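Novice:
In UniProt numbering, the protein residues as written are 1 to 282.
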């Protein structure tokens, strides 16, 4: 009996306790659970396309129809300049990252609430949930990218070497969606009307971004303030990489990217602090 008791006393134990300190974020656990991230992304993709009549066609039709409306209203009626690029290609090249961002923001904002069964039953880094929601819409972006290539071929626009920089701007787009999604997903757990606010915010945000118009239309004295919009650097980067337009304002892009990094850092800290109460509130 004593021997058995001695063996029992030497069994390893795991102590679960809340973290102390503002910056004890334990981000290494995200890498340790990377396989779970893969399955969460794969689950989101399967659910999106399972039992749908249009499937990937809707992913193509949505930005395509928006591009046609923009071309008719802003390109033909309002005569908005497009930096010497055919307006349909000009608009679609911006709708490409914007459609991804708006979809990723909507998914990530509701991701924690929609995963309540996982959050309340098993342990894993909760950061994986909004991260997976921010990554999965990249599949839709790929289908839209194929449509853009067809448009570019139709208007005789050849890709340039700037296309090699596209993965960098795609990464910036993912970081932007994740940065905002971390804040909104944590807030949505406590305040469920955040989802409604996000729908309105996305509509306003699109017109505050250079989707239907070029940055050159913004007065010079307001461009520094305008560059605080994190999507400005993303959209300008996509247009430059895809269409080979003149080099963008790198100061504007640097400010926009800095805002993304600040939002991302703050979002991670805020999300990690709030996740301790997710299981109780959700």
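Virtual Cβ for every residue (Gly too), placed ideally from N, Cα, C.
Owing to the predicted nature of the structure, the values given are computational and were not obtained by experimental measurement.
Should residue 220 be labelled buried (16 or more other beta-carbon atoms within 10 Å of its own) or exposed?
Specialist: To locate residue 220, count along the chain shown from 1; it is residue 220. With fewer than 16 Cβ atoms within 10 Å of its Cβ, residue 220 is classed as exposed.
Novice: State the start and end residues of the unbroken alpha helix (DSSP H) segment that holds residue 185.
Specialist: Position 185 of the chain shown holds residue 185. Residue 185 -> alpha helix (DSSP H) spans 166-190.
Novice: Between 229, 94, 65, which lies nearest to residue 179 when the distance is taken from Cα to Cα?
Specialist: Along the chain shown, one-based indexing puts residue 179 at 179. For the residues 229, 94, 65, the minimum Cα distance to residue 179 belongs to 229.
Novice: If we ignore side chains and look at the alpha-carbon of each, how far apart do residue 283 and residue 199 end up?
Specialist: This structure leaves residue 283 out entirely; the chain is present only between 1 and 282.
Novice: DSSP on residue 218, reduced to helix/strand/coil?
Specialist: Mapped onto the chain shown, residue 218 falls at position 218. Looking at residue 218 - three-state DSSP - the assignment turns out to be coil, as it is neither helix nor strand.
Novice: At 4 residues or longer, what runs of the alpha helix (DSSP H) sit wholly inside the stretch 250-280?
Specialist: Complete alpha helix (DSSP H) runs here, min 4: 250-274.
Novice: Flag this pair as yes or no: are the beta carbons of residue 166 and residue 238 separated by less than 9 Å?
Specialist: Numbered from its first residue, the chain shown carries residue 166 at position 166. Numbered from its first residue, the chain shown carries residue 238 at position 238. In contact: residue 166 and residue 238 (Cβ atoms closer than 9 Å).
Novice: Helix, strand or coil for residue 120, going by three-state DSSP, please let me know.
Specialist: Looking up residue 120 in the chain shown gives position 120. DSSP places residue 120 in coil when its eight states are reduced to three.
Novice: In three-state terms, what does DSSP make of residue 155?
Specialist: As a working note, residue 155 is residue 155 in the chain shown. Residue 155: coil per DSSP, three-state reduction.
Novice: Report the option in 81, 75, 185, 138 whose CA atom is closest to the CA atom of residue 273.
Specialist: Indexing the chain shown from 1 puts residue 273 at position 273. It is 185.
Novice: Please classify residue 22: does DSSP put it in a helix, a strand, or coil?
Specialist: The count along the chain shown starts at 1 and reaches residue 22 at position 22. Confidence is the limiting factor: at residue 22 the pLDDT is only 48, short of 50, which leaves the residue's position unreliable and the question unanswerable from this model.
Novice: Report the option in 27, 43, 37, 100 whose CA atom is closest to the CA atom of residue 169.
Specialist: Residue mapping note: residue 169 aligns to position 169 of the chain shown, counting from 1. Taking only the C-alpha atoms, the option nearest residue 169 is 100.
Novice: How many whole angstroms separate the CB atoms of residue 282 and residue 119, which I take to be in contact at a CB cut-off of 8 Å?
Specialist: For the purposes of this step, residue 282 is taken as the residue at position 282 of the chain shown. For the purposes of this step, residue 119 is taken as the residue at position 119 of the chain shown. Right, the Cβ-Cβ distance comes to about 6 Å (below 8 Å), so this counts as a contact.
Novice: Specify, as a first and last residue, the run of the alpha helix (DSSP H) that residue 126 falls within.
Specialist: Indexing the chain shown from 1 puts residue 126 at position 126. Segment: none, residue 126 is in no alpha helix (DSSP H) and carries neither H nor E.
Novice: Buried or exposed for residue 35, please, with buried defined as at least 16 other CB atoms from any protein chain shown within 10 angstroms of its CB.
Specialist: As a first step, residue 35 must be located in the chain shown, where it is residue number 35. Answer is exposed; the Cβ neighbour count stays below 16.
Novice: Apply the 10 Å Cβ neighbour rule to residue 217 and answer buried if 16 or more other Cβ atoms are within range, or exposed otherwise.
Specialist: Along the chain shown, one-based indexing puts residue 217 at 217. Looking at its Cβ environment, which holds fewer than 16 other Cβ atoms inside 10 Å, residue 217 is exposed.
Novice: Compare the C-alpha of residue 151 against each of 126, 135, 243, 161 and name the closest.
Specialist: Taking the first residue of the chain shown as position 1, residue 151 is located at position 151. Among 126, 135, 243, 161, the Cα nearest to that of residue 151 is on 243.
Novice: Using 8 Å as the threshold, is the stretch 99-113 in touch with the stretch 135-150, meaning 3 or more CB pairs across them?
Specialist: Contact holds: three or more Cβ-Cβ distances are below 8 Å.
Novice: In angstroms, rounded to a whole number, what distance separates the CA positions of residue 214 and residue 133?
Specialist: Reading the chain shown from its first residue, position 214 is the one you call residue 214. Reading the chain shown from its first residue, position 133 is the one you call residue 133. About 29 Å.
Novice: Once DSSP output is grouped into helix, strand and coil, what is the label at residue 38?
Specialist: Taking the chain shown and counting its residues from 1, one reaches residue 38 at position 38. DSSP places residue 38 in helix when its eight states are reduced to three.
Novice: Just the C-alpha distance for residue 44 and residue 131, rounded to the nearest angstrom, thanks.
Specialist: For the purposes of this step, residue 44 is taken as residue 44 along the chain shown, with counting starting at 1. For the purposes of this step, residue 131 is taken as residue 131 along the chain shown, with counting starting at 1. Each residue's Cα considered, the two are about 12 Å apart.
Novice: Which residue marks the beginning of the alpha helix (DSSP H) containing residue 102, and which one marks its end?
Specialist: Within the chain shown, the letter at position 102 stands for residue 102. Here the alpha helix (DSSP H) through residue 102 covers 87-109.
Novice: Here's the rule I'm using: 16 or more other beta-carbon atoms within 10 Å means buried, otherwise exposed. How should residue 39 be labelled?
Specialist: Mapped onto the chain shown, residue 39 falls at position 39. So residue 39 counts as exposed.
Novice: Spatial neighbours of residue 264 within its chain, please: C-beta separation below 6 Å, excluding the five flanking residues on both sides.
Specialist: Position 264 of the chain shown, counting from 1, holds the residue named residue 264. Contacts found: 175, 179.
Novice: Pull up the distance between the alpha-carbon of residue 193 and that of residue 187, whole angstroms please.
Specialist: On the chain shown, residue 193 is found 193 positions in, with the first residue counted as 1. On the chain shown, residue 187 is found 187 positions in, with the first residue counted as 1. Straight-line Cα distance between these residues: approximately 9 Å.
Novice: For the alpha helix (DSSP H) that residue 230 lies in, which residues bound it at each end?
Specialist: Position 230 of the chain shown holds residue 230. Counting along the chain, the alpha helix (DSSP H) containing residue 230 begins and ends at 230-243.
Novice: If you run the structure through DSSP and keep just helix, strand and coil, what is residue 162?
Specialist: Taking the first residue of the chain shown as position 1, residue 162 is located at position 162. Helix, per DSSP.
Novice: Measure the alpha-carbon distance for residue 79 versus residue 234 and round it to whole angstroms.
Specialist: Looking up residue 79 in the chain shown gives position 79. Looking up residue 234 in the chain shown gives position 234. C-alpha separation (whole angstroms): 24 Å.
Novice: Write down the C-beta distance between residue 148 and residue 72 rounded to the nearest angstrom, noting that I regard them as a contact closer than 8 Å.
Specialist: Here residue 148 refers to the residue found at position 148 of the chain shown. Here residue 72 refers to the residue found at position 72 of the chain shown. Not really, about 19 Å apart at Cβ, beyond 8 Å.
Novice: Going by CA-CA distance only, name the one from 86, 121, 127 that's closest to residue 29.
Specialist: For this step, residue 29 is matched to residue 29 along the chain shown. Out of 86, 121, 127, 127 has the C-alpha closest to the C-alpha of residue 29.
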